[in-house]
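Working notes, beginning with the structure itself.
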Amino acid sequence: MLKSRPQPDEVEVSLFGPGYGESVVVHLGNDDWMIVDSFRPAGQPPIALAYLQGIGVAADRVKLVVASHWHDDHIKGMSDLLEACPNATFCCSSAFRERELLAFVELHDTPMSSLGSGVDELRRILHRLDGRKYKWAGDGAQLWRRRPSPKAVVWSISPTSNAFRLATAAIANLAVEQGQTKTRLTPSQLPNDLCVVLWVSVGDGNVLLGADMEEPGGLDRGWSAVVRQDPVWDSCADVFKVPHHGSKTGHCDAVWQDLLKSRPFALVTPYTRQVRPLPTPADRIRIRAATENAYTTATEIETTVIERSRGVQKFLSRAGRQPVVRSARGQIRLRASASVGSWSVETHPPAGRL
Amino acid sequence: MSDTAVDVLRFSEESRSSEKGSAWLSAENEAFTLVSARPARTAEAAPIAGSSPTQSLAADEVPSVRGVWKADLRFPRRLPVTVPLQEWEGVVDWVEGDEFGATLADMTRPDAHELEQDTFSMEEVRRDDEELVKPGAAFYWTIALVTSDVGQRSYASFIRFRRLPAWRTQDVREARERASELARRLNLA
Numbered sequence: 008m009l010k011s012r013p014q015p016d017e018v019e020v021s022l023f024g025p026g027y028g029e030s031v032v033v034h035l036g037n038d039d040w041m042i043v044d045s046f047r048p049a050g051q052p053p054i055a056l057a058y059l060q061g062i063g064v065a066a067d068r069v070k071l072v073v074a075s076h077w078h079d080d081h082i083k084g085m086s087d088l089l090e091a092c093p094n095a096t097f098c099c100s101s102a103f104r105e106r107e108l109l110a111f112v113e114l115h116d117t118p119m120s121s122l123g124s125g126v127d128e129l130r131r132i133l134h135r136l137d138g139r140k141y142k143w144a145g146d147g148a149q150l151w152r153r154r155p156s157p158k159a160v161v162w163s164i165s166p167t168s169n170a171f172r173l174a175t176a177a178i179a180n181l182a183v184e185q186g187q188t189k190t191r192l193t194p195s196q197l198p199n200d201l202c203v204v205l206w207v208s209v210g211d212g213n214v215l216l217g218a219d220m221e222e223p224g225g226l227d228r229g230w231s232a233v234v235r236q237d238p239v240w241d242s243c244a245d246v247f248k249v250p251h252h253g254s255k256t257g258h259c260d261a262v263w264q265d266l267l268k269s270r271p272f273a274l275v276t277p278y279t280r281q282v283r284p285l286p287t288p289a290d291r292i293r294i295r296a297a298t299e300n301a302y303t304t305a306t307e308i309e310t311t312v313i314e315r316s317r318g319v320q321k322f323l324s325r326a327g328r329q330p331v332v333r334s335a336r337g338q339i340r341l342r343a344s345a346s347v348g349s350w351s352v353e354t355h356p357p358a359g360r361l
Numbered sequence: 015m016s017d018t019a020v021d022v023l024r025f026s027e028e029s030r031s032s033e034k035g036s037a038w039l040s041a042e043n044e045a046f047t048l049v050s051a052r053p054a055r056t057a058e059a060a061p062i063a064g065s066s067p068t069q070s071l072a073a074d075e076v077p078s079v080r081g082v083w084k085a086d087l088r089f090p091r092r093l094p095v096t097v098p099l100q101e102w103e104g105v106v107d108w109v110e111g112d113e114f115g116a117t118l119a120d121m122t123r124p125d126a127h128e129l130e131q132d133t134f135s136m137e138e139v140r141r142d143d144e145e146l147v148k149p150g151a152a153f154y155w156t157i158a159l160v161t162s163d164v165g166q167r168s169y170a171s172f173i174r175f176r177r178l179p180a181w182r183t184q185d186v187r188e189a190r191e192r193a194s195e196l197a198r199r200l201n202l203a
């Protein structure tokens, strides 16, 4: 991980993404920090905490912890992260104010496997909110603000109310399908419309954090609905956390045209747990065509093999198979003076240009 | 009964009656089975103790299946023994065509934190489990050393999908009650 602490008047965006998991750490100026999403490397604390500790920032300087959504790769370790940050306000989608959605979470109170799931993690968080500050994210909700210089404000610009209604209904239907065999919850069962997309302004710098928001089609859903809302922004963003691991399902022309400056910094995390990992070669071409400042947290994914007994290894070899651990410890870090707004980029391998 | 089978039985009884043969029968059952299935002339001359069945059988000496079966009737089979060497708990990430990918947690090393990934063929799945193979499905994957009823040892892979109980009306009702309680604590209207 990269070292050195930002100056009080600097805004910083650090992105971590090992191939499965994503976490964003943002310096809002004046040593106030925000963490969006969480992942935990094997046997270690959440990556965001490790980074802050590495640059000498106390966890009590974290003012906001946001769960952009409940997919496993965005929320793992977040309950521990929240516990370690006593002054942080927790924020998640306003969809979870709905009784049906809470019932859905409660229905999955027993993990289906030792691998856990994002819903297990979210449930742990919701049950630990007693006595804590928390806010619900929706379109145009102000989550955090600081008036003294540099001025800083964090807005959520999704889920939009219509997407919220549609997605909540879909999830409520899942919850009442009695007689359906239980499985571990998977991303395909949980729509991305409920993602929390954030707009962060610090001084003159603007950052759009796209979570896993997608463009399912139709003007009242996904990115189209986000772009059409009454804007909380008064200028375009310099930095874009590209949604949904660079997938074409998260692409929306209107976002690039209406919400982003020309040639913005576009930051991508890969996703390896599907038959065709993201971003695909076509995704890379599309994003690079949109900006020359495109970066990924992992230009390559390291694979390691666990050592096992000779007999097991021999069997695996004869069968022509080999379970592997895939990981990458890359980091992209952008910094800018809040008053000047000129960004510099650093990468820690295997992060690099997309 | 073929000549091979008769000779096998005679040979086996002789082996059992000798001290050397008895010890060998219990300790090296797999060698016994194969050597005993040889034609009589070979079996009588064969070095018994310590002989490796695969080393001592030439291509033209492979016994008939019929002969082996008859020999086995005389000596009751043991139950097959399966010793798990490695076990993972897996969750299906994706399914495409006749393949599926999964994330695996090592259950043999409880202190292991790394999750592994591998791709499986549907051919490896029991036929009556095939309908369970879908994203999110949980399964166990075991690599085991199997000793067959006739003592043959080999490595084998077993995939067993979990059949989790279906949601019941009571589950849903209780979940709604817990959700109401949680909403009350979070001051949700």
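Those protein sequence lines, which keep their order, are chains A and B.
Each residue of the first sequence is one higher than the last, beginning at 8 in my numbering.
Each residue of the second sequence is one higher than the last, beginning at 15 in my numbering.
By construction, the Cβ of each residue, glycine as well, lies at the ideal position given by its N, Cα and C atoms.
Next on the checklist: Going by DSSP in three states, Ser-135(B) sits in which element: helix, strand or coil?
Outcome noted: strand
Checklist entry - At a CB-CB cut-off below 7 Å, which residues of chain A make contact with Val-164(B)? => result By Cβ distance, chain A contributes nothing, its closest Cβ being about 20 Å from Val-164(B), past 7 Å.
Item to check | Within chain B, the residues that Val-332(A) reaches when beta carbons sit closer than 9 Å | outcome: Glu-128, Leu-129, Glu-130, Gln-131
Checklist entry - So Trp-350(A) packs on Phe-272(A), CB below 8 Å; how close in whole Å? => result 6 Å
Checklist entry - Whose Cβ in chain B lies nearer than 7 Å to the Cβ of Asp-137(A)? => result Arg-199
Next on the checklist: Tell me the rounded alpha-carbon separation between Leu-93(B) and Leu-59(A).
Outcome noted: 59 Å
Checklist entry - What are the complete alpha helix (DSSP H) segments, minimum 4 residues, inside the region 254-316 of chain A? => result 288-297
Next on the checklist: Assuming contact is defined by CB atoms lying nearer than 7 Å, are Leu-146(B) and Phe-175(B) in contact in what I supplied?
Outcome noted: yes
Item to check | Backbone secondary structure at His-251(A) - three-state DSSP | outcome: helix
Next on the checklist: Going by DSSP, what residue range makes up the alpha helix (DSSP H) through Asp-87(A)?
Outcome noted: 85-91
Checklist entry - Do Val-105(B) and Leu-122(A) come within 7 Å of each other at the CB atom, strictly closer than that value? => result yes
Checklist entry - How big is the Cα-Cα spacing for Cys-99(A) and Ser-30(A)? => result 15 Å
Checklist entry - Do the CB positions of Ala-335(A) and Ile-308(A) come within less than 7 Å of each other? => result yes
Checklist entry - Should Leu-226(A) be labelled buried (16 or more other beta-carbon atoms within 10 Å of its own) or exposed? => result exposed
Item to check | Helix, strand or coil at Phe-46(A) according to DSSP, with G and I counted as helix | outcome: coil
Checklist entry - Hey, out of Arg-340(A), Trp-230(A), Val-18(A), Pro-52(A), whose CA is closest to Asp-38(A)'s CA? => result Val-18(A)
Next on the checklist: Taking the straight line between their C-alpha atoms, what separation do you get for Lys-140(A) and Val-352(A)?
Outcome noted: 33 Å
Item to check | Local Cβ density within 10 Å of Asp-142(B), reported as buried at 16 or more and exposed below that | outcome: exposed
Next on the checklist: For Pro-98(B), count the other beta carbons within 10 Å of its own beta carbon; 16 or more makes it buried, fewer makes it exposed. Which is it?
Outcome noted: exposed
Checklist entry - In this structure, does DSSP put Tyr-141(A) in helix, strand or coil? => result strand
Checklist entry - Should the region 298-305 of chain A be regarded as contacting the region 264-284 of chain A, the criterion being three or more beta carbon pairs within less than 8 Å? => result yes
Checklist entry - Straight-line CA distance for Met-136(B) to His-134(A)? => result 40 Å
Checklist entry - Cα separation between Thr-279(A) and Met-121(B)? => result 23 Å
Checklist entry - What do you reckon, are the CB atoms on Ala-189(B) and Glu-113(A) nearer than 7 Å? => result yes
Item to check | Coil, strand or helix - Asp-143(B) by DSSP | outcome: helix
Item to check | Glu-130(B), buried or exposed, once every other Cβ within 10 Å from all chains shown has been counted against 16 | outcome: buried
Next on the checklist: Just to confirm before moving on: does the CB-CB distance between Glu-211(A) and Gly-253(A) stay below 7 Å?
Outcome noted: What sits at residue 211(A) in the sequence shown is Asp, not Glu. Not closer than 7 Å, so no.
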